[in-house]
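Colleague:
Protein chains: 4
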Amino acid sequence: MNSFGTRFRVTTFGESHAAAIGCVIDGVPAGLEVNESYIQSEVDKRRPGLSKFATARKESDKVEILSGVFEGVSTGSPIALIIYNENQKSSDYESIKSLFRPSHADFTYFYKYGIRDYRGGGRSSARETAARVAAGAIAKKLLGEFGVQVLSGIFSIGGVEAESLDFDFAKTSEIFALDGAKEEAQKTLILSAKAAHDSIGGCAYVKIINAPIGLGEPLYGKLDAALASALMGINGAKAVEIGEGVNASKLLGSQNNDQMDKEGFLSNHAGGILGGISNGNDIDLKVHFKPTPSIFLEQSTQDTNGECVQFGLKGRHDPCIAVRGSIVANAMSALVVADMLLLNSVSNIGKLKKIYG
Amino acid sequence: MNSFGTRFRVTTFGESHAAAIGCVIDGVPAGLEVNESYIQSEVDKRRPGLSKFATARKESDKVEILSGVFEGVSTGSPIALIIYNENQKSSDYESIKSLFRPSHADFTYFYKYGIRDYRGGGRSSARETAARVAAGAIAKKLLGEFGVQVLSGIFSIGGVEAESLDFDFAKTSEIFALDGAKEEAQKTLILSAKAAHDSIGGCAYVKIINAPIGLGEPLYGKLDAALASALMGINGAKAVEIGEGVNASKLLGSQNNDQMDKEGFLSNHAGGILGGISNGNDIDLKVHFKPTPSIFLEQSTQDTNGECVQFGLKGRHDPCIAVRGSIVANAMSALVVADMLLLNSVSNIGKLKKIYG
Amino acid sequence: MNSFGTRFRVTTFGESHAAAIGCVIDGVPAGLEVNESYIQSEVDKRRPGLSKFATARKESDKVEILSGVFEGVSTGSPIALIIYNENQKSSDYESIKSLFRPSHADFTYFYKYGIRDYRGGGRSSARETAARVAAGAIAKKLLGEFGVQVLSGIFSIGGVEAESLDFDFAKTSEIFALDGAKEEAQKTLILSAKAAHDSIGGCAYVKIINAPIGLGEPLYGKLDAALASALMGINGAKAVEIGEGVNASKLLGSQNNDQMDKEGFLSNHAGGILGGISNGNDIDLKVHFKPTPSIFLEQSTQDTNGECVQFGLKGRHDPCIAVRGSIVANAMSALVVADMLLLNSVSNIGKLKKIYG
Amino acid sequence: MNSFGTRFRVTTFGESHAAAIGCVIDGVPAGLEVNESYIQSEVDKRRPGLSKFATARKESDKVEILSGVFEGVSTGSPIALIIYNENQKSSDYESIKSLFRPSHADFTYFYKYGIRDYRGGGRSSARETAARVAAGAIAKKLLGEFGVQVLSGIFSIGGVEAESLDFDFAKTSEIFALDGAKEEAQKTLILSAKAAHDSIGGCAYVKIINAPIGLGEPLYGKLDAALASALMGINGAKAVEIGEGVNASKLLGSQNNDQMDKEGFLSNHAGGILGGISNGNDIDLKVHFKPTPSIFLEQSTQDTNGECVQFGLKGRHDPCIAVRGSIVANAMSALVVADMLLLNSVSNIGKLKKIYG
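Now the structure itself:
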C-alpha cells in the first residue's frame, strides 16, 4: 500500500524525521537516460526553504541514485533513489507528542496503528512527496521520449482564480502562478494569511499535452480514475476535476458535448478523456487543496488520553500547501501517464506483432 | 484492469449487447448471509425502464448467484453473479456502426483496440454498472454486520442544489432527490432537457455513516484516493469532492480546521477522512456527472475513416445520467469501504493477537 | 486470490456442485480470433467420463462465451466463459458431510472458513480445472500467433518412466503417455490400483517450444518461479522440476553448464530458463502428482467434532489424477507464458518506440 | 516485478556493483519490535567470505534501518533497509564485459533489456539475496510472536543425502548440514569440486513448525504454490518438493494418504498442506540447487556479437550455491508464511468480529 502504479511502479519509504526518504521505481524500460542532475532539478522545485511562500525548514534534498542505472542509462532493474533527512530536530515535537493537531493525520494514525511517530507528522508529512517528485522526474523523462509533456501551475488561491493559463510564466513565479495578472493578488492572500498566523487554500492545474490516443485501461484502470486517485492522494487534496469538472453537472448535453470535424475535436469539455481513455486532446486537471492545517492560532483538540486541550502550534509550515502541492500534482500525473503508456502497449495484437515480429 | 479492490475484489464482465453481464466477487469472508432477493432489490434501484427519468430500455435485470454461496451463506469462495441481457436489438446500432458518437467512448475504444463492439457502446455502456450494483449489495451486507451504512441521493441537477439532505426522502423519490423542496425543480429541468432532445448534468451525494476509525491504507491506498478513483471511474463522472471539497481551496485554515473537544470533532470539513484514514465522522462525497452525451439534436462528428459526418442519434437514453449514477456511486463507495475494512484488520499486532491468540 | 496472472489475468469461479464453473479472462489483446469450438476441443481433453482411466462422472462440459468477443474476435474487454454443472447429485455427499476425507482439503477448508461446501469437495474439487483449461485454450491461441506451442503428456506412472518423449503419440493415448513403449505398463499400474480400490501417483511433462528470448520478469516475476507456482497450484501436485530438475543437485558445474557455440546452446540442462528469463531453448517442466486421495479402502479420520471415525469412501474418482492433471499442467503453463509475453513487451525503450513511433 | 508478497510485501533493489542493495518492507503490522542487531545476525548467516565453502568476496553487509521504525518498534509505515556495497571492483569484470558466461543470466538479460550491467552479474547476482534475508528476518520476528518457527539446513550435496534432520546441528555447521554423520562427506564433495576448479549442486531443506491451520488462499494464492514460487525464484533453484514430493508420484493412495485419529494426523506425506492450506502439521520443503555456473574450467560460449569464444572464468565464487542458498530459502519461506498469516486474518466473519467488535 506504499506502492503506486502497475507497470511503472513506485514504492516510497521514509518519514519526516527518519534517517531518509526515498523510493524504488520498478518497471522503467531499459535504455532510458537517467541522471541525478535532472532528477535534482525537479526535486528542487518543491524544496522547502526557498521563499517566504513555503516552510522555512531547511533541507538540501540531495537525491542519490542507488541502483538500476549503469553508465547513465536505465538497465530495466529497479531504480532506487534516496534523500537523506538533515533537519531532524525531534525536540521540536515534544509539545505535540501527546496531542492531536487539528485536521492532521495524528488522530487517525494513532488509532489505526496504536503507535505514532509524532515527529513532524511522521509518515503523513508532506516531506514524503519529495520522493514522488523524484520518481515523477523519471516518468517525465520517459514521457519526453514520446513527446508527452506534463505542465502545471497554480490556478487559484483562496478563490482568486486565473483567467488565463501561462505555463511558462508559472515556471518563473515564486508561487507557480498561471496568470501573471493574478499573481500579486494571490501572493497577497498567502502573506496575509501567514501574517494572521493562519493559512489558506488553493487550486493547482495540470495539463498534459501530446498524450497519444489510447491511454487508460477500462473499466477499473481508467485514466481519469487513476488521475483522480493520484491527485486526491496528495496531502491536503479535497477535490479533483477533469475537463469541465464540477461545471459539467450544470450543463446541457448540447453544451458539454465535444463535436468533431475532419481535423478532430471542436472543443475539449472532456478534458482529453473519453470512456476512461485519452482521446489525443490536452488532459486538463484541477486539484483543490485545503488550507494548511498547521496554524499558529490557539485551537482546541484532544490529547492521546481523550482529554480536551487548548494549544498553540509552533514550528515551520507552508502557509499554502497548494503552492508546492502543484509540483507534486505534476509528478503524480506524470507517474499515471507513464504507467498508462506502458499498459497500453499490448492493447491489441497489431502492437504485439510489431514487437515479436 | 477489469477488477476493482484489493481484498474485497470485484471483477466484472459483459457488454451492452453481449449474452450477459456479471461479476466475480473475491474475498467475501465466509459466513456472510447472501441471498438473491436482497441483491435483486439493490439492482432494481438502477434498473432501466422504471420511470420517465431513465432510459426506456426494458431489462428485467434478473440476478443469479452462480457460485460461492452454500445454504444461503458465503463460503469464502468467489461469488459469481450473472445477469443475462434480454434486450439485444443489435439492428438498432447499424446507423452508428461506422461513426463516433460525440463525447462517447466510441472514438477512443476504436483507436485503442482497433476493433469496436458498437452495439450500445459495448463495454463502455453504463449497462455494466448493474454488475457493480450487484457487487455493492454484498459489500453493503458485509458493512451492515458492523453497523456501517452507505446512503446516497441526488444533490443537484443542472445547478439546482439541495439545501438539506434527507436520505430517507431520496429513497422514495423517482430521481433520488435529497431535498424534497427542490425535487420538483430538479425534475422539471430533466424533463425540459428531454423534451428539447437534449440532456442535463447533475451531482450525486454519498454519505457513509458509522465507519470505524482507521479505514484507509496510506500512502497509496488512502481512503479518499480510493473513493476518488471509484467515483471518477463511473461513466460520465467529471469531478469528485470530499468533505468541504472545492470550497476548501477558498478557505482559511482557521475556517477549515476541525477542532475537537472531549466528545470528538466539532465540525466535519474533512468529510470524515484525515491523512487518508477515516476518523469516525461521516464520510461525505460528491460526484459530478456530465450530461448524457446521447442527445437527439443533430451533431457533427467523424466516421471511422476520419471523415466528418452530420447525424442525429436515435434510441433510448437517460436524460440525466446522474440519477441512476447516484445508485452506482453508492455501490462503488460500499465496495471501497468494504475493501478497506478488510485491509485495516491487520494494521497492528494487537489485532493479529485477537485472531491468532 | 482466485485470479491468476498479471496482464493475461484469469479469475475463476465455481464449485463442484455450484450452478456453474467458469472464468473471466482479462487482458486478451483485441483482435484475436476466439471461437467456442476451439475452446471446447481443449476442454474436452480433460472432460470426465471418457475412459476407464478417469472418473465416471458424466459432464458434457459445454463451454459458452458470455462476453468480450464480437464477430468472432476479441475486443479487448474481459472474456467470460461459463460451463454449467449438470451432474449435481448432492445426495451422494451426505455420508461425508460431517467428516474429513483423508488427504483432502475438507479439513483445512473447514477450519479456515468455518463453513464447508462438502458437495464433491466444493471449491477444492478438480472440477474447477475445466475453467483453467478453457482459459488456457485462449492463451494457446494467443501464443500460436507467435509460433509458441505448449506440448504435454504423461512422463511416469507409479515410477514407470518414459524413456522417450513423443508428444504426438501422447495426443492419441488414453492416458496421454509420452512413450508408446511404456504406455501399456503405465496403464496396467493404473488399472491395478483401481481394481485394488486404491489409486496411484504420476508425473506430467510439459514442453514449451519456440518461446522467444526474454520472457520472465526478474526478480520476483521470474518465468521459472511463475511456472513453479502455476504447476504446484494444481490439485495434487507435490513437486515441480525445471530442466535438469532434482538431478541438477547431484551434478558438477562442468556437467550441468550449457555451453554455447555460434549456433546457440550445446545442451539444455537449464530447461530453457536462465536468471528467470527464457533463453530461446525448449522450456522443460515436470510436475509430480500424488495418488488420488479418494480411495475406497477403509480409512481412519476425524469428523467435524474432532472424533475419530472409520469410513469407506464411495463415488466416482480418477484412479490417477496425473492423467487429466497433465492437461491442466499444459493449460497453466500456457497461461504463464502468455502473461510473460505481454509483460515482456515493454522491457526496453526500443520496443516502446516500435509501438508509439 | 521486484516486489514479493501481497500484504507482507517486500520490494528489493540493487545490483552486485551498484552503490547499495536493500529493500522496502510494506505491511509490517505496527507494534513489532524491530532492531538492527537482530536483522544483522540473520544477514550474517549468508554473509560472504566466512568460510572456504563460500565465495571469498569480502563484504561487511552492514544493515541499516532507514525508516518505519520508531523507538525500536514498527509504526505501520514501510521499513526500508539498506546495505551499502563495499567491494566494487568493476575492473574485475572487463574480461566478461562482452561475453556470456555459460548458464548465467548474462545472455538473457542482454537480449531482454538490450543493455547489461555486467559487473558481477548486475541484478542477477546472488548478492541481492542479502536483502531477502534481511526482510526475512523481520518476517521471522513477526512469526515468532505467534510461535511459528522457520528452520533450515542442507539436505544433500552432490547426491549425498542426510538420513536424519538435526536443525540445531545445522546452525553450528559451516555448511549448515542437517546430518552430522554426513557433514564430512558433504564438505569433501564441495572441496573436491573446488579443487578441480569446478562446482557442485545440493539440496536445502526448510521446515516450518507451529504454523496455524488455515494459511493459504485458494485457488491462486495457495500456500504450496506460493512457497514453490518463492523457492524456485532463488538463484540456481531447479526443483521444489513439498512433503513427499517427487516420491509421491510413485506411491499408491493407500501409502500416501495421511489418516487421522482423534489427536490429529497419523503421518505427514502432505508436508503440512492440504488443498493449498496449512493443516497444522510441519511444513516440509526441499529446494534443489544446480551447481554454481561460475567455474574456472575453460568453456565455450558466445560473445555479444554472436561469435563463439573460449574463455576461462576468474574471480571469487561459491563452490556450492546450495549452502548459502539454504539461508535464502529459509528467508523466502518466512516471507511467504508471514504474508499468509496476514491474508488469513479475514477468512471469515468470526475473525472480523473479533477485531471490529
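Protein chains in written order, with our numbering: chain A, 4 to 360; chain B, 4 to 360; chain C, 4 to 360; chain D, 4 to 360. We put the beta carbon where it would ideally sit given N, CA and C, even for glycine. Since the structure is predicted, the reported quantities are computational estimates derived from the model, not experimental observations.
#1: Do the stretch 243 to 258 of chain B and the stretch 186 to 195 of chain B make contact, defined as three or more Cβ pairs closer than 8 Å?
#2: Would the beta-carbon of Glu62 (chain C) fall within 8 Å of that of Ser70 (chain B)?
#3: Along the stretch 18 to 51 of chain C, what residues have a CB closer than 8 Å to any CB found in chain D?
#4: What is the DSSP secondary structure of Ile203 (chain B), reduced to helix, strand or coil?
#5: Mind listing the chain C neighbours of Tyr96 (chain B)? Cutoff is C-beta to C-beta under 7 Å, in chain order.
#6: Kindly give me the distance between the Cβ atoms of Gly279 (chain B) and Asp227 (chain B), rounded to whole angstroms, as I take these residues to be in contact under 8 Å.
#7: Which residue marks the beginning of the beta strand (DSSP E) containing Asp227 (chain A), and which one marks its end?
#8: What number of angstroms, rounded off, separates the C-alpha of Leu255 (chain C) from the C-alpha of Thr15 (chain C)?
#9: At which residues does the beta strand (DSSP E) containing Asp287 (chain B) begin and terminate?
#10: In three-state terms, what does DSSP make of Ser159 (chain B)?
#11: Which residues, taken in chain order from the stretch 335 to 355 of chain B, show a beta carbon closer than 7 Å to some beta carbon of chain D?
#12: Can the beta-carbon of Phe268 (chain B) be found closer than 8 Å to that of Asn259 (chain B)?
#13: Which same chain residues end up closer than 6 Å to Ile276 (chain C) when comparing Cβ atoms and leaving out the 5 residues on each side of it in sequence?
#14: Is it buried or exposed, Ala334 (chain A), if we count other Cβ atoms within 10 angstroms and call 16 or more buried?
#15: For Val349 (chain C), collect the residues of the same chain with a Cβ closer than 7 Å to its Cβ; drop the 5 residues on either side in sequence, then sort them by chain order.
#16: Judging by CA-CA distance, which residue of B:His291, B:Asn38, B:Gly75, B:Gly79 is the nearest neighbour of Val331 (chain B)?
#17: Can you tell me which of the three DSSP states Phe172 (chain A) falls into?
#18: At a cut of 8 Å, does the stretch 71 to 91 of chain B reach the stretch 110 to 121 of chain B through at least three beta carbon pairs?
#19: Would you verify that the beta carbon of Ser232 (chain B) is, or is not, closer than 8 Å to some beta carbon of chain C?
#20: Decide if Asn5 (chain D) is buried, meaning its Cβ has at least 16 other Cβ atoms within 10 Å, or exposed.
#21: Does Phe113 (chain D) come out as helix, strand or coil in the three-state DSSP assignment?
#22: Step through the CB atoms of chain B and report whether any lies within less than 8 Å of the CB of Leu69 (chain C).
#23: Can you round the beta-carbon distance between Gly239 (chain B) and Lys293 (chain B) to whole angstroms, since I take them to be within the 8 Å contact cut?
#24: Compare the C-beta of Thr175 (chain C) with all C-beta atoms of chain B and state if any pair is closer than 8 Å.
#25: Check each candidate in D:Asn308, D:Pro322, D:Leu181 and name the one with the smallest Cα separation from Ala207 (chain D).
#26: Could you check how far apart the C-beta atoms of Pro32 (chain B) and Gly79 (chain B) are, in whole angstroms? I think they sit under 8 Å.
#27: Between Arg3 (chain D) and the rest of its own chain, which residues show a CB-CB distance below 7 Å, the 5 nearest in sequence each way excluded?
#28: Quick one: what does DSSP say Asp47 (chain A) is sitting in, helix, strand or coil?
#29: Leu1 (chain C): which of C:Thr307, C:Gly315, C:Ser127 sits nearest, CA to CA?
#30: Please confirm whether Tyr112 (chain C) has its beta-carbon closer than 8 Å to some beta-carbon of chain A.
#31: Using CA atoms only, rank isn't needed, just tell me which of C:Asn284, C:Ala251, C:Leu345 is closest to Asn213 (chain C).
#32: Can you find the residues in the same chain that come closer than 7 Å, C-beta to C-beta, to Asp95 (chain B), ignoring five residues on each side of it along the sequence?
#33: Is Asp95 (chain D) helix, strand or coil when you go by DSSP?
#34: Flag Pro296 (chain D) as yes if its beta-carbon sits less than 8 Å from any beta-carbon of chain B, otherwise no.
#35: Within 10 angstroms of the Cβ of Thr58 (chain D), are there 16 or more other Cβ atoms? Answer buried if so, exposed if not.
#36: Report all residues from its chain with a CB closer than 8 Å to the CB of Gly315 (chain D); omit the five preceding and five following residues, and keep chain order.
Modeller: Once the coordinates are examined:
#1: no
#2: Cβ distance not < 8 Å, so Glu62 (chain C) and Ser70 (chain B) don't count as in contact.
#3: Listed by position along the chain: nothing, the set is empty.
#4: strand
#5: Residues of chain C passing the Cβ test: none, with the nearest at roughly 12 Å.
#6: 6 Å
#7: Looking at the DSSP string, Asp227 (chain A) is not in any beta strand (DSSP E); the run it does join, the alpha helix (DSSP H), is 226 to 235.
#8: 43 Å
#9: 286 to 292
#10: Note: Ser159 (chain B) maps to strand in three-state DSSP.
#11: Leu345, Ser348, Val349, Ser350, Asn351, Ile352, Gly353, Lys354, Leu355
#12: Contact flag unset, no.
#13: Leu226, Asp227
#14: buried
#15: By the criterion of a C-beta distance shorter than 7 Å, Val349 (chain C) is surrounded in its chain by Leu355, once the five residues flanking it on both sides are discounted.
#16: B:His291
#17: helix
#18: no
#19: no
#20: Buried, since its Cβ has 16 or more Cβ neighbours within 10 Å.
#21: Residue state, collapsed to three classes: helix.
#22: yes
#23: 5 Å
#24: no
#25: The option with the nearest alpha carbon to Ala207 (chain D) is D:Leu181.
#26: 7 Å
#27: Nothing can be reported for residue 3 (chain D): it is not among the residues displayed for chain D, which extend from 4 to 360.
#28: helix
#29: Shown here, chain C extends from 4 to 360; a query on residue 1 (chain C) therefore has no answer.
#30: no
#31: Comparing Cα-Cα distances from Asn213 (chain C) to each of C:Asn284, C:Ala251, C:Leu345, the minimum goes to C:Asn284.
#32: Gly318
#33: helix
#34: no
#35: buried
#36: Phe299, Leu300, Glu301, Gln302
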